[in-house]
Amino acid sequence: MLRTILVPLDGSRCAEHALPVATRLARGAKGSLLLVRVIEFADIVCQTTELATRDLVELSKRARRSAKAYLNRIAAQEDVHDLPCSTRVVEGSPAQNILKLVQELHADIVVMNSHGFTGIKQWTLGSVAHQVARHNSTPTLIVRENEPLPPLLMKREPAAEERLRILVALDGSSQAEEALVPAIQLSLALSAPGKAALHLLTVVPVSLPGVIFAQNIQSKKKEALTTLAAKLEAQGASEYDLQVTTSVVQHTDIAAALITYAREHVAQPDGCQLIAMTTQGAWGWFMGSVAERVLNHTPLPLLMVRPLHTPTQQERPDSRSLSIY
């Protein structure tokens, strides 16, 4: 389960946008928060070029004290103080230190905002959040800057029978399916007790000359998703109530299809309020491709999972096959 929740903060309100989701997750999973502040060298020298060694040491101490006091203030906030919470201040590269702390402290998930401010540099999707999502050995939940949180995530606790439905992007590969378990765990933690909901979505890429062929592929994908949905519901039946719905759509742009489908259905009663996907699948999409574009443009929170399984040669589609995604 997602019990230890690491939340990187940099002192900005932008970064703190992830806190409501992290606290909601900690309550639902009966877990604990680990608030992390990484001090970059730029924070210490403050753009001053001539400093004696003793000055740097003193500035480092001051920066640490300030960062610790900031994290303590966050931990004392109304929505946080009743949760198990610890803090950690480190110096160096934000992305490297976050990834290192995940390993050292056995964090189960990282929850962070897509943007923030660290020193004189802005966290961007091409920087800290991007690097963590791409290289993290545990799931990374990224909350979009300047985007309102989905309605269900705004509640301190879900009402009875409420489920946070998560859209999981699949392509038929074992790599893409590695997002399923973290997505179920996340939905269980953010829904009413014992409830969870997933929507499995596969996009069949299509161009006008290939419409008929794509329709045949779509039929097969629908059958495969229906079988997978039934299997998932059956596996969890004794422990929790999991609802799984499925869709297969055709589109010329895979990333756009994922983003549009999630956005158009978020307001519906059975809509998806969060997207989950792996950073790589057998068809080779990864950061710099479909996953990166979804990360950059979806307004919804995004759960990124780095697959641990490496595709075999038989699982990798060759140039003659229809590459889903």
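Under the numbering used here, the first residue of the sequence shown carries the number 544, and numbering increases by one thereafter.
Heads up, the beta-carbon is just placed ideally off N, CA and C, and yes, glycines get one too.
Bear in mind the structure is a predicted one, so any value in this text is a computation, not a measurement.
Pair every Cβ in the region 643 to 658 with every Cβ in the region 558 to 573, then say whether three or more of these pairs are closer than 8 Å.
yes
Selected residue, minimal CA-CA separation from V848, among T795, R546, I685, T630
I685
Expressed to the nearest angstrom, what Euclidean distance is found between the alpha-carbon atoms of Q758 and V792?
10 Å
Count the other CB atoms within 10 Å of the CB of R873; is the residue buried (16 or more) or exposed (fewer)?
Limits of the chain in this structure are 544 at one end and 868 at the other, which puts residue 873 out of reach.
Nearest-angstrom Cα separation, counted from N656 out to C874
The structure shown has nothing for residue 874, since the chain only spans 544 to 868.
Endpoints, the beta strand (DSSP E) within which L817 is located
817 to 821
Would V600 be called buried (16 or more neighbouring beta carbons within 10 Å of its own) or exposed?
exposed
Express the C-alpha separation of P694 and P701 in angstroms, rounding to a whole number.
10 Å
What did DSSP end up calling P551 once you bin it into helix, strand or coil?
strand
Just to confirm before moving on: does the CB-CB distance between L801 and A672 stay below 7 Å?
no
Please check the pair V579 and L562, which I expect to be a contact at CB under 8 Å, by giving their CB distance rounded to whole angstroms.
The pair is not a contact, with the Cβ atoms about 13 Å apart (cut-off 8 Å).
Who are the near neighbours of Q816 in its chain, counting only those whose CB is closer than 7 Å to its CB and skipping five residues on each side?
P693, L695, L696, L707, R708, V809, L843
Start-to-end residues for the alpha helix (DSSP H) that takes in H808:
797 to 808
Distance between V675 and Q639 (C-alpha atoms, nearest Å):
8 Å
Can you tell me the Cα-Cα spacing of A798 and D714, whole angstroms?
13 Å
Using only the alpha-carbon positions, how far apart do I548 and E559 sit?
14 Å
Go through its chain and collect everything with a Cβ distance to D784's Cβ below 8 Å, but skip five positions before and after it.
G737, K738, A739
Cα-Cα separation, P725 to P682
7 Å
Separation of S762 from S636, as counted between CA atoms:
48 Å
Should L751 go down as buried or exposed, given a rule of 16 or more other Cβ atoms within 10 Å for buried?
Low confidence applies here, because L751 scores a pLDDT of 46, under 50, leaving its location unreliable; read the following figure in that light. It is exposed - the Cβ of L751 has fewer than 16 other Cβ atoms within 10 Å.
Would you please state the rounded distance, in angstroms, between the beta carbons of V749 and T795? I believe it to be under 8 Å.
6 Å
Considering only the beta carbon of each residue, do D625 and T566 sit closer than 7 Å?
no
Host alpha helix (DSSP H) of L697 (start-end)
A small correction: the amino acid at residue 697 is Met; Leu does not occupy that position in the sequence shown. Residues 694 to 697.
Would you kindly report the start and end of the unbroken beta strand (DSSP E) that includes T566?
Note, T566: premise wrong, no beta strand (DSSP E); alpha helix (DSSP H) at 562 to 572.
Distance, L851 Cα to R836 Cα:
22 Å
Considering only the beta carbon of each residue, do L568 and A732 sit closer than 7 Å?
yes
With DSSP collapsed to three states, give me the class of R616.
helix
Can you tell me which of the three DSSP states P748 falls into?
strand
S603 (DSSP reduced to helix, strand or coil):
helix
Residue range of the unbroken alpha helix (DSSP H) whose run includes Q793:
Premise fails: Q793 lies in the beta strand (DSSP E), 784 to 794, not in any alpha helix (DSSP H).
Identify, in the order they occur along the chain, each residue of the same chain with its Cβ nearer than 6 Å to the Cβ of G554, setting aside the five sequence neighbours on each side.
Y613
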